[in-house]
Structures are given as C-alpha cells and as structure tokens.
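These notes concern the structure reproduced below.
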Amino acid sequence: MKNFEHINAPDLETAIALLQEPSAKAIAGGTDLLTEMKDRIQTPALLVNLKAIPDLKFIKEDEKFVRIGALTTLSDLECHPLIRERYPILAQAASLAATPQLRNAGTVAGNLLQRVRCWYYRHPDVNCWLKGGVECYAEEGVNARHAIFGSSPCIAVHPSDLAPALIALDAQVRVVGPEADGELALEEIYRLPDEGLRERMVLGPADLIAEILVPKRPESSRGVFLKAMERATWSFALVSVAVQIDFDGEHVKNARMVLGGVAGKPWRVREAEKLLEGQALTEELAQQVAEAAVAGAQPRAYNAYKIPLTKNLVKRALQKLAG
C-alpha cells in the first residue's frame, strides 16, 4: 500500500474542501477502498475520514420520510425495529450484504457507492477499460458474473445490494458538494460509463451523500428482496431482485421492480412493472412478468444462466408477495 496522509474531517464542509485536493479520497468503513489500496488500484495521497463527523449515523422518521444517515452501518439497518417492521425489503437486503464483520463496519452510503468487483478491474496488473485502458477484457474473456443488460464499453455489474431495494422504495439521497447539491432520486445517481465519462455515477469526487430519504409507505405496501449467490454464506449477487408493491385490496396499485447483478447499474424493469399494475397476483401473471423482466437481455459466452435465474427469482418474489 502506498503511503498516504489521513485527516479526520470534523464536519461536512471541511470534508468537501479536503476532497477537492489532488488525489484525495473519502473513507468511512473502508471495506471497499482499503482493498483497492492494498492492490494499488487506488493510490490516494490523502484519506479524509468521514467517521469523525458527528450526526451522520441515525435512523429516524418525520412526517414524510424515514431518514437514514450516511454513516449508519449495514448492521444497524438490518437490526433496526422500524426498518424490519415497515421496510422488510431493506432489512433483507442489508442482511445479505457481506459478512457480519463487514456489515458491522460498512456504511449505507459506502455500500451504495462501492466500485465494481470485476476480476479484471480488481487485478492490479490488468489495465482494463474502466481503469483507463482500451479494452474491456470481460467481453471476450471470463464473463460469468457480468452484465446481460445495458450498452457500455464496460460490462461489469453494479455490486450494491442496498441500491435495488432502496430504488424499489423510491428512495432519495441528500447530496452535498461542489458538483451536486440537494436531493436526488437514488436511481438518478447511477449511469452506464461511456467514452465521454468513464464513471458509473454522476457524483463528483468531492460530492458526498449525507443521508438517504425513504418515503413512507401505505399500510397496504409489501416488499421483498431475493438474492442468488455462488456461496450460501455470502458473496456478491449473481442476480438479485427487489420488488415493492402497493396493493388496493387484492390488486396491484403501484409496483417497482429492480434487478441487481445483471447490469452496470441497478436495473429497473418498467415494462414488467406495467404488467402488474391493476392486476391480481396470480401464478400466470407472475410467469408473464418474469418473462418481461428479461426481455432484451443480451448474455455473453458464460452468463446465459442469468436469464432463467432472473426469471425464477422474479417469479418467487411475486409468489411471496401474493402470500
């Protein structure tokens, strides 16, 4: 690991100012950044410690939202009574994100902003396209865990478990910084990288998420998060699905469905959502929605298995919500 300077930021304003210095990076739980630094994928000269900032670790509610501080840990989210009772989809996603030790250290904002886990990107000796090279080696290489949706020169998938669940809940983020400031839909901070900008987010290097705002749901709302992994204990999603439905009696009033592990960003399947609205959840409808969820998928040489896996997860999620 390259030598670096470490500074505790006393407040957000100081942190933002420090992060505008050349080769500065923010660190909180460090569960992602430190692994990159050990392999010299990231070599910041300055680490700005956000965990020294008070009042960024909380779960509280007001009239419209449940507010989650950026430094809230995944363990806090998983175990909080309010989240478990009213937003089980979020508690489920947190419980499946990493090991207990990592959930104790990893923060909500860090999970949303983590970098891809593509083995080419993570190899210190491979200069892939996302690191400034000329080629995405996964395109013609080993791509079993890579994207089946989306057009981009990089086919690595977005790794966050919380992001699909929060997008299904229509969550917003409050961002502070020189390039983005204010409240944004969480869905809007993600993008597919292209030749014009080899970044997966619209946030600048000094922009920070301060809190996540989850709108309150009607009593008729139910959600579920399912995740398929290579290991039963813990690993990144091969495929995940987050579904949140507001019911009107036995019929679907509103539906949001977001896939993980299949694209360079959390992948919302709006056509599948439309099929649900106004309908009663039946076995036949669940099958139709599952087929719609994979429409347009373009598998690579080693990841065609993700299509039936996605369909089965979507169908199981809808069956669970149907009771």
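Taking the working numbering, the leading residue of the sequence shown gets 20, the next gets one more, and so forth. Quick reminder that beta carbons are idealized off the backbone N, C-alpha and C, glycines included. As the structure is a prediction and not an experimental result, all values here were calculated from the model.
Asked: In its own chain, which residues sit with a C-beta less than 7 Å from the C-beta of residue 173, not counting the 5 before and 5 after it?; Found: 148, 149, 155, 212, 283
Asked: At what residues does the alpha helix (DSSP H) containing residue 234 begin and finish?; Found: Run containing residue 234: none in the alpha helix (DSSP H); it sits in the beta strand (DSSP E), 227-234.
Asked: Roughly how many angstroms lie between the CA atoms of residue 237 and residue 42, to the nearest whole one?; Found: 45 Å
Asked: Between which two residues does the alpha helix (DSSP H) harbouring residue 20 extend?; Found: No alpha helix (DSSP H) contains residue 20, which DSSP labels as neither H nor E.
Asked: Got a sec? Which residues, its chain only, sit under 7 Å from residue 306 by beta carbon, not counting five neighbours each side?; Found: 334
Asked: For the beta strand (DSSP E) containing residue 276, name the first residue and the last one.; Found: 270-279
Asked: Can you tell me where the beta strand (DSSP E) with residue 262 in it begins and where it stops?; Found: 258-267
Asked: Mind checking if residue 266 is an interface residue toward chain D, Cβ cutoff 8 Å exclusive?; Found: Absent from the structure is chain D; it holds one protein chain and no more.
Asked: Considering just the uninterrupted stretch of the beta strand (DSSP E) at residue 202, what are its terminal residues?; Found: 201-204
Asked: DSSP on residue 248, reduced to helix/strand/coil?; Found: coil
Asked: Quick one: what does DSSP say residue 284 is sitting in, helix, strand or coil?; Found: coil
Asked: Would a C-beta distance cut-off of 8 Å place residue 274 and residue 295 closer than the cut-off?; Found: yes
Asked: If distances are taken between C-alpha atoms only, which option among 219, 208, 340, 259 comes closest to residue 164?; Found: 259
Asked: Which word fits residue 288, buried or exposed, when buried means at least 16 other C-beta atoms lie within 10 angstroms of its C-beta?; Found: buried
Asked: Skipping 5 residues on each side, what residues in its chain have a beta carbon closer than 7 Å to that of residue 246?; Found: 115, 180, 256, 259
Asked: Suppose contacts are defined by Cβ-Cβ distances below 8 Å. Is residue 233 in contact with residue 185 by that definition?; Found: yes
Asked: For the beta strand (DSSP E) holding residue 43, just list the boundary residues, first then last.; Found: 43-46
Asked: Select from 30, 45, 162, 26 the residue whose C-alpha is nearest the C-alpha of residue 321.; Found: 162
Asked: Residues bridged to residue 240 by DSSP?; Found: 265
Asked: With residue 50 and residue 91 assumed to form a contact (beta carbons below 8 Å), what rounded beta-carbon distance in angstroms separates them?; Found: In fact, because the Cβ distance is near 14 Å, the residues do not count as touching under 8 Å.
Asked: For residue 265, I'd like the list of residues in its chain whose CB is within less than 8 Å of its CB, leaving aside the five on either flank, ordered along the chain.; Found: 236, 237, 239, 240, 271, 272, 273, 274
Asked: Would you call the segment 218-232 in contact with the segment 189-204, where contact means no fewer than 3 C-beta pairs closer than 8 Å?; Found: yes
Asked: Run through the segment 175-201 for me and flag every whole alpha helix (DSSP H) of 4 or more residues, listed as ranges in chain order.; Found: 181-187
Asked: On a CA-only basis, which of 113, 203, 130 is nearest residue 48? Give me that one, please.; Found: 130
Asked: Check this for me: beta carbons of residue 28 and residue 67, under 8 Å apart or not?; Found: yes
Asked: Helix, strand or coil for residue 159 per DSSP?; Found: coil
Asked: Between which two residues does the alpha helix (DSSP H) containing residue 337 stretch?; Found: 325-341
Asked: Please classify residue 205: is it buried, with 16 or more other beta-carbons within 10 angstroms of its beta-carbon, or exposed?; Found: buried
Asked: Please classify residue 103: does DSSP put it in a helix, a strand, or coil?; Found: helix
Asked: I'd like the span of the alpha helix (DSSP H) that includes residue 121, first residue to last.; Found: 119-124
Asked: Relative to the C-alpha of residue 142, which residue among 169, 101, 58 is closest?; Found: 58
Asked: Along the chain, where does the alpha helix (DSSP H) that runs through residue 57 open and close?; Found: 52-57
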